[in-house]
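Protein chains: 2
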Amino acid sequence: MKRALNFNAGPAAIPLPALERARDELLDFNGSGMSIMEHSHRGKDYESVHREAIALLRRLLGVSDAYEVLFLTGGASQQFAQVPMNFLGPGRSADYVITGGWSEKAFEEAQRVGAARVACTTKRDGTFTRVPTQDEVSIDPSAAYVHVTSNNTLYGTQWHWDLDPKGRPLVSDMSSDFLWKPFDVSRYDFIYAGAQKNLGPSGVLIALVKKSFLAEARADIPVIFRYATHAKNDSLYNTPPTFAIYMVRNVLAWLEGIGGLPAIEARNREKASLLYGALDRNEGFYRCPVERASRSTMNVVWRLASEALEDRFVAEAKTHGMIGLKGHRSVGGLRASIYNAVDVATVKALADFVDEFAKKNG
Amino acid sequence: MKRALNFNAGPAAIPLPALERARDELLDFNGSGMSIMEHSHRGKDYESVHREAIALLRRLLGVSDAYEVLFLTGGASQQFAQVPMNFLGPGRSADYVITGGWSEKAFEEAQRVGAARVACTTKRDGTFTRVPTQDEVSIDPSAAYVHVTSNNTLYGTQWHWDLDPKGRPLVSDMSSDFLWKPFDVSRYDFIYAGAQKNLGPSGVLIALVKKSFLAEARADIPVIFRYATHAKNDSLYNTPPTFAIYMVRNVLAWLEGIGGLPAIEARNREKASLLYGALDRNEGFYRCPVERASRSTMNVVWRLASEALEDRFVAEAKTHGMIGLKGHRSVGGLRASIYNAVDVATVKALADFVDEFAKKNG
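Note that the protein sequences, when read in sequence, are chains A and B. Just so it is clear: in the first sequence, position 357 is 395 by the numbering used here, and no numbers are missing. Just so it is clear: in the second sequence, position 104 is 142 by the numbering used here, and no numbers are missing.
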């Protein structure tokens with residue numbers, strides 16, 4: 039079997055060892071004569087997977103006891119509503135930093151729950167080409183929290199510095215770059231990340247919540263939407279998406295095995311450098327719309343002179359086994375998502391093709 | 039590999055052919071060189087799975103175009119809140135028929151969203167041993183909807199007749215017996231069922247919503263919680279739990295292959311008859327707390343003279359490869375969940391053991 043060179047934006051590539059492990063024990067987990075999918079979420083086999091996934095995450099990131107680690111469902115889109123439901127009480131307002139389509143959705147959903155305010159937007163002429171500087175962000179000194187989106191899959195921008203929220207709680211949607219490198223969790227009060235980029239399949243979301251922030255959450259919303267419910271019950275209040283969590287465990291175990299976050303950061307920087315390098319070498323033929331200081335290491339976007347040429351790029355790349363290179367339907371152009379599971383050789387093949395295609399058509 | 043005799047209450051047994059299919063193509067779906075988990079939810083490979091799952095469900099149940107078929111997340115527990123968020127506007131009240139622990143939770147959650155009222159409860163002395171008769175249910179003529187729970191996993195009761203909601207919309211949580219037999223969907227306005235009993239793994243929920251009822255839903259709640267959002271976008275508004283839906287497809291394809299709902303109903307009735315038959319033959323040694331007319335075909339519960347004897351039953355059954363027989367932690371006793379994927383031979387083995395154990399210890 040030949041593996042595709044998978045540049046999908048999410049659901050996306052999953053490390054082969056994590057998939058092979060799943061395949062090998064799909065019918066018989068740990069000698070139980072059952073698939074992990076058939077195990078009770080209250081049984082010791084599944085519980086050991088559940089706890090191992092949490093322990094791996096804590097070890098990889100150095101998450102202290104000041105934080106709860108939660109498995110939730112509904113993806114980031116549900117968190118867009120659930121965060122304000124928990125933390126945006128009557129009479130309060132929350133600050134949103136708008137750096138792309140997902141931050142816009144988060145802001146719009148917050149407005150349906152309570153009062154929300156734009157602390158900064160980098161939108162110009164209907165598009166986003168960068169993240170802001172600290173000076174551009176005006177933070178309401180009484181904001182319930184400040185919300186940022188760490189990486190923007192649609193526009194290919196990424197924060198390469200941490201916002202100072204001026205003493206307000208900092209909430210970050212890290213769905214598309216969580217675990218791409220080590221970072222200081224203690225700067226954040228609430229972090230959430232859908233699994234389908236760097237963590238595993240779709241169907242589960244990981245949240246880290248500072249206990250002191252959780253203590254401020256509302257208790258007058260439905261039980262199922264309270265983060266406190268899931269924290270108190272170790273994410274076993276109701277039946278969790280057991281197989282998706284099992285896959286996250288497999289991916290995190292692979293990540294630890296290859297050397298953890300320092301190792302994956304080195305790989306990710308090498309990959310980004312290979313691909314941006316090829317695009318920059320052929321500047322003029324290709325155009326990267328994102329400002330250099332805001333370039334994403336996860337989602338690389340670029341344009342060609344015409345949509346016809348972009349379509350030809352996608353079609354020819356496909357004959358080389360490369361898939362997922364079409365930009366998001368809302369922005370067009372080309373995009374290569376090079377998440378943790380995409381290896382250096384795969385990105386090297388794309389970078390070579392980028393050179394070749396420019397030579398042939400430039 | 040010896041398969042366990044799996045009587046788990048959920049997550050529960052999955053048909054072997056559905057699991058084998060997943061294993062065989064786990065690394066390479068449809069010759070794509072990628073796992074189905076790695077495919078984009080906007081790509082044609084995944085979309086064909088998504089649409090096939092919906093089409094299979096429509097065919098198996100005979101669901102008309104008057105209904106939307108939705109894939110949602112968060113399990114039944116999230117629906118306990120989401121149903122009233124959508125259908126219980128200010129100034130309205132909803133009626134709940136309480137027949138077990140899950141209906142109680144649904145009712146309590148509804149009260150956190152709006153006004154809810156008990157139309158009937160069959161709770162006596164802290165427990166439930168039956169579903170009500172039509173006469174016992176007093177329906178508010180202006181109720182926003184009437185909510186029932188078709189089968190009660192904890193107490194082993196099941197409705198064997200359809201409630202007449204007296205012209206009010208009828209909402210049913212069918213999580214634990216959906217698709218156990220053919221039924222008339224048109225009697226219901228909203229049906230929901232978590233997958234982890236009869237449909238596949240945990241992590242996805244199927245909902246059927248009558249379009250005329252959907253038209254009454256509130257539009258002033260967060261977008262992600264509006265059923266209309268998911269209906270309008272074919273359950274692809276945000277990233278769905280693709281692998282869980284793929285497994286549901288595999289299970290529904292298996293169900294169609296064995297003859298659909300009439301065939302599974304015959305099997306389910308045979309299984310229930312085998313197990314209740316063995317318990318009844320040894321009445322006195324075993325005690326079934328549920329009234330005969332309310333006995334569940336999915337979850338069979340019984341008691342022995344002492345907890346020590348119950349523990350021994352579980353332990354000895356385990357030596358025969360039978361697992362999942364302990365009752366729910368909130369009620370104790372014994373419970374065998376014999377969902378669609380549990381075959382007749384497996385239940386026959388348990389029924390034989392029930393006889394044997396009574397003979398040896400009676």
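No residue lacks a Cβ here, since even glycine has one placed at the ideal position from N, Cα and C.
At what residues does the alpha helix (DSSP H) containing I74 (chain B) begin and finish?
Taking the first residue of the second sequence as position 1, residue 74 (chain B) is located at position 36. Premise fails: I74 (chain B) is in no alpha helix (DSSP H) and is neither H nor E.
Starting from F118 (chain A), trace the alpha helix (DSSP H) both ways and give me its first and last residue.
Residue 118 (chain A) sits at position 80 when you count from the first residue of the first sequence. Unbroken alpha helix (DSSP H) run through F118 (chain A): G113 to F125.
Are I262 (chain B) and F118 (chain A) touching if we call contact CB-CB under 8 Å?
Residue mapping note: residue 262 (chain B) aligns to position 224 of the second sequence, counting from 1. Residue mapping note: residue 118 (chain A) aligns to position 80 of the first sequence, counting from 1. Result yes, Cβ atoms of I262 (chain B) and F118 (chain A) sit closer than 8 Å.
Any residues in the region 89-115 of chain A with a beta carbon nearer than 9 Å to a beta carbon of chain B? Which ones, in chain order?
L110, T111, G112, G113, A114 and S115
Nearest-angstrom Cα distance between P53 (chain A) and K235 (chain A)?
Position 15 of the first sequence, counted from the start, is the residue given in the question as residue 53 (chain A). Position 197 of the first sequence, counted from the start, is the residue given in the question as residue 235 (chain A). P53 (chain A) and K235 (chain A): Cα-Cα distance of roughly 11 Å.
Between P484 (chain A) and the rest of its own chain, which residues show a CB-CB distance below 7 Å, the 5 nearest in sequence each way excluded?
Past the edges of chain A, shown from 39 to 400, lies residue 484 (chain A), and the structure says nothing about it.
8 Å is my cut-off, CB to CB: does K82 (chain A) come that close to chain B?
Along the first sequence, one-based indexing puts residue 82 (chain A) at 44. It does not: the Cβ of K82 (chain A) has no partner Cβ on chain B nearer than 8 Å.
Tell me the rounded alpha-carbon separation between K397 (chain A) and E321 (chain A).
In the first sequence, the residue the question calls residue 397 (chain A) occupies position 359. In the first sequence, the residue the question calls residue 321 (chain A) occupies position 283. Their backbone Cα atoms lie some 12 Å apart in a straight line.
Nearest to R155 (chain B) by alpha carbon, out of B:A389, B:D202 and B:L126?
In the second sequence, residue 155 (chain B) corresponds to position 117, counting from 1. It is B:L126 whose Cα lies nearest to the Cα of R155 (chain B).
Of the choices B:R373, B:G232, B:E294 and B:T280, whose alpha-carbon is the least far from that of P49 (chain B)?
The residue you call residue 49 (chain B) lines up with position 11 of the second sequence. Of the listed residues, the one whose Cα sits closest to P49 (chain B) is B:G232.
If the cut is a Cβ gap below 7 Å, which residues of chain B does F263 (chain A) touch?
Start at 1 with the first residue of the first sequence, and residue 263 (chain A) comes out as number 225. Neighbours of F263 (chain A) on chain B, chain order: A119.
Roughly how many angstroms lie between the CA atoms of H79 (chain A) and P278 (chain A), to the nearest whole one?
Position 41 of the first sequence holds residue 79 (chain A). Position 240 of the first sequence holds residue 278 (chain A). In a straight line, the C-alpha of H79 (chain A) is about 7 Å away from that of P278 (chain A).
Give the residues from the region 265-292 of chain B that approach chain A closer than 8 Å (Cβ to any Cβ), ordered along the chain.
Y275, N276, T277, P278, P279, T280, F281, A282 and M285
Let me know the secondary structure DSSP gives E329 (chain A) once reduced to three states.
Sequence index remark: in the first sequence, residue 329 (chain A) carries index 291 (1-based). The answer is coil: DSSP assigns E329 (chain A) none of H, G, I, E or B.
At the 8 Å Cβ level, is H79 (chain A) part of the contact set with chain B, yes or no?
Mapped onto the first sequence, residue 79 (chain A) falls at position 41. Yes - at least one Cβ of chain B is within 8 Å of the one on H79 (chain A).
Short of 9 Å Cβ to Cβ, which residues in the region 209-242 of chain A face chain B?
G232, Q234, G238, P239, S240, G241 and V242
For the region 48-80 of chain A, enumerate the residues whose C-beta is nearer than 8 Å to any C-beta of chain D, in chain order.
No chain D is part of this structure, whose protein chains are labelled A and B.
Determine the burial state of R319 (chain B): buried for a count of at least 16 other Cβ atoms within 10 Å of its Cβ, exposed for fewer.
The residue given as residue 319 (chain B) occupies position 281 in the second sequence. Answer is exposed; the Cβ neighbour count stays below 16.
Measuring straight from C-alpha to C-alpha, what distance separates A51 (chain B) and N378 (chain B)?
For the purposes of this step, residue 51 (chain B) is taken as the residue at position 13 of the second sequence. For the purposes of this step, residue 378 (chain B) is taken as the residue at position 340 of the second sequence. If you take the alpha carbons of A51 (chain B) and N378 (chain B), they lie about 8 Å apart.
Would you please state the rounded distance, in angstroms, between the beta carbons of Y230 (chain A) and L243 (chain A)? I believe it to be under 8 Å.
As a first step, residue 230 (chain A) must be located in the first sequence, where it is residue number 192. As a first step, residue 243 (chain A) must be located in the first sequence, where it is residue number 205. Right, the Cβ-Cβ distance comes to about 6 Å (below 8 Å), so this counts as a contact.
Cβ-based neighbour list, E303 (chain A), same chain, cut-off 6 Å, excluding 5 preceding and 5 following:
On the first sequence, position 265 is the one that residue 303 (chain A) refers to. Here the set comprises K219.
Rounded separation between G359 (chain A) and E76 (chain B) - CA only
Taking the first residue of the first sequence as position 1, residue 359 (chain A) is located at position 321. Taking the first residue of the second sequence as position 1, residue 76 (chain B) is located at position 38. The straight-line gap from Cα to Cα measures roughly 15 Å.
Just the chain B side, please: which residues come within less than 7 Å of G362 (chain A) by C-beta, in chain order?
By 1-based counting over the first sequence, the position of residue 362 (chain A) is 324. In chain order: S78.
Do the CB positions of R168 (chain B) and E329 (chain B) come within less than 8 Å of each other?
Indexing the second sequence from 1 puts residue 168 (chain B) at position 130. Indexing the second sequence from 1 puts residue 329 (chain B) at position 291. Yes.
Three-state secondary structure (DSSP) at D133 (chain B)?
The sequence position of residue 133 (chain B) within the second sequence is 95, counting from 1. If DSSP states are grouped into helix, strand and coil, D133 (chain B) belongs with the strands.
H198 (chain B), buried or exposed, once every other Cβ within 10 Å from all chains shown has been counted against 16:
Taking the first residue of the second sequence as position 1, residue 198 (chain B) is located at position 160. When all chains shown are included, H198 (chain B) counts as exposed.
The alpha helix (DSSP H) spanning V352 (chain B) covers which residue range?
Locating residue 352 (chain B) in the second sequence gives position 314, where the first residue counts as 1. Element bounds for V352 (chain B): E345 to T357.
Identity of the residue in B:N46, B:A355 and B:L65 nearest F281 (chain B) by Cα:
If you number the second sequence from 1, residue 281 (chain B) lands on position 243. Comparing Cα positions, the closest option is B:L65.
Mind checking if E147 (chain B) is an interface residue toward chain A, Cβ cutoff 8 Å exclusive?
Taking the second sequence and counting its residues from 1, one reaches residue 147 (chain B) at position 109. Interface residue, yes.
Could you have a look at D211 (chain A) and say whether DSSP puts it in helix, strand or coil?
Position 173 of the first sequence, counted from the first residue, corresponds to residue 211 (chain A). Of the three classes helix, strand and coil, the one that applies to D211 (chain A) here is strand, per DSSP.
Could you spell out where the alpha helix (DSSP H) holding L58 (chain B) opens and where it closes?
Position 20 of the second sequence, counting from 1, holds the residue named residue 58 (chain B). Note on residue identity: the sequence assigns Glu, not Leu, to residue 58 (chain B). Unbroken alpha helix (DSSP H) run through E58 (chain B): L54 to D62.
From which residue to which residue does the alpha helix (DSSP H) around R89 (chain B) run?
The residue given as residue 89 (chain B) occupies position 51 in the second sequence. Segment K82 to L99, the alpha helix (DSSP H) holding R89 (chain B).
Measuring straight from C-alpha to C-alpha, what distance separates A374 (chain B) and R61 (chain B)?
Within the second sequence, residue 374 (chain B) is the residue found at index 336, counting from 1. Within the second sequence, residue 61 (chain B) is the residue found at index 23, counting from 1. Approximately 27 Å between the Cα atoms of the pair.
So, using beta-carbon positions, are W340 (chain B) and R325 (chain B) closer together than 8 Å?
Numbered from its first residue, the second sequence carries residue 340 (chain B) at position 302. Numbered from its first residue, the second sequence carries residue 325 (chain B) at position 287. Yes, the Cβ-Cβ distance between W340 (chain B) and R325 (chain B) is below 8 Å.
Given a threshold of 16 other Cβ atoms within 10 Å of its Cβ, counted over all protein chains shown, does D163 (chain A) qualify as buried or as exposed?
As a working mapping, residue 163 (chain A) is identified with position 125 in the first sequence. Classification for D163 (chain A): exposed.
Quick one: residues in its chain with C-beta nearer than 8 Å to the C-beta of L372 (chain A), no 5 flanking neighbours on either side, listed in chain order?
The sequence position of residue 372 (chain A) within the first sequence is 334, counting from 1. V339, W340, R341, L342, E348, F351, V352, L363, K364 and G365, listed in sequence order.
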